[in-house]
């Protein structure tokens, strides 16, 4: 039976691609030998495993039971995956609202008083605990469910994850990936302000600019542009909202790559130079809670930064 692109299950996890027999640290011993050691934790990547299914499996998948997790101070009935998808696609937001807690006060209190908090089986604890993977069920490209957030499939989804493919989608740690993943950060609140709270580290701002490239106007008949990307993947070109969004993982990949540069010391005080009739290229990048703007980035002496600018240009120009 033919497999479809949707629905699909994707599992994201962290893999270490550093050398198996040596750490990333090295030092010289007393007999002048180079010794390798230390932690093998400097070469982390994000792996994605993808599982497609046929129409028969789709019907079974949608009937999967989702159990309400006991970490929010209230009890709620279990639902099916179909009921969840019906709720998030309904224009009446109150239906989804009723499936969620009124706030996260109880969970946040447990963080302070319960020594077992780190072992809670909810991805809400990812900032403090070692969360190993994220399981996402996609009904279509705009409709998805994340397991073990508010509801759990209790491993029922494993039935559909026996044959699939895997690929590496980004370089970075899993915690940074979650902080910069719009699909994850949105599901923490489902868009409801009552479920928001201040995070320990900056997370991708869904309603703010996180990436941009612009070329200022110059002499008559010259081309200029201004492309901005919001944290929710919305793309705005010359103040016009485009129909298509940036791919969620490509955005996360670029923001993860951006973290490798020292923005605070090199680019924090960058000012747009005045140039009469001369066009100025400017790149904007959100890093650790700050939107940095760098003018004439191709004049930078760091070849890896120039390569990053090229990546941003290529990706933003490809969105129509």
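Residue numbers (our numbering): 1 to 320.
In this text, a Cβ means the ideal position worked out from N, Cα and C, and glycines have one as well.
Local conformation of residue i per DSSP, three classes
i: residue 110; result: helix
i: residue 198; result: coil
i: residue 49; result: strand
i: residue 259; result: coil
i: residue 283; result: strand
i: residue 7; result: strand
i: residue 304; result: helix
i: residue 44; result: strand
i: residue 251; result: helix
i: residue 267; result: coil
i: residue 241; result: strand
Beta-carbon spacing of residue i, residue j below 9 Å
i: residue 87; j: residue 99; result: yes
i: residue 288; j: residue 263; result: yes
i: residue 8; j: residue 52; result: yes
i: residue 107; j: residue 72; result: yes
i: residue 188; j: residue 149; result: yes
i: residue 319; j: residue 210; result: no
i: residue 267; j: residue 281; result: no
i: residue 174; j: residue 133; result: yes
i: residue 81; j: residue 63; result: yes
i: residue 46; j: residue 171; result: yes
i: residue 182; j: residue 256; result: no
i: residue 4; j: residue 58; result: yes
i: residue 304; j: residue 261; result: yes
i: residue 224; j: residue 237; result: no
C-alpha distance - residue i paired with residue j, whole-angstrom precision
i: residue 162; j: residue 11; result: 12 Å
i: residue 231; j: residue 283; result: 16 Å
i: residue 226; j: residue 123; result: 37 Å
i: residue 165; j: residue 221; result: 49 Å
i: residue 179; j: residue 218; result: 38 Å
i: residue 198; j: residue 104; result: 11 Å
i: residue 129; j: residue 56; result: 37 Å
i: residue 331; j: residue 254; result: The structure shown does not extend to residue 331, since the chain spans only 1 to 320, so no value can be given for it.
i: residue 332; j: residue 91; result: Missing from the structure shown is residue 332; the chain here goes from 1 to 320 and no further.
Nearest candidate by alpha-carbon position, reference residue i, set the options
i: residue 296; options: 213, 104, 157; result: 213
i: residue 54; options: 6, 118, 244, 140; result: 6
i: residue 43; options: 14, 223, 57, 183; result: 14
i: residue 169; options: 211, 248, 192; result: 248
i: residue 285; options: 208, 126, 237; result: 208
i: residue 127; options: 140, 111, 135; result: 111
i: residue 121; options: 154, 109, 159, 291; result: 154
i: residue 293; options: 304, 315, 314, 258; result: 258
i: residue 195; options: 315, 186, 203; result: 186
Residue i beta carbon near the ligand GDP (any heavy atom closer than 8 Å)
i: residue 161; result: Although the ligand GDP was asked about, the structure shown includes no ligands whatsoever.
Can you list the beta strand (DSSP E) stretches of 3 or more residues lying completely in the stretch 186 to 238, in chain order? 209 to 215, 225 to 230, 235 to 237
Within the stretch 102 to 189, note down every full alpha helix (DSSP H) run reaching 4 residues or more, in order along the chain. You should have 105 to 113, 174 to 180, 182 to 189.
What are the complete beta strand (DSSP E) segments, minimum 3 residues, inside the stretch 50 to 106? If we require 3 residues or more, the beta strand (DSSP E) runs fully inside the stretch 50 to 106 come out as 65 to 68.
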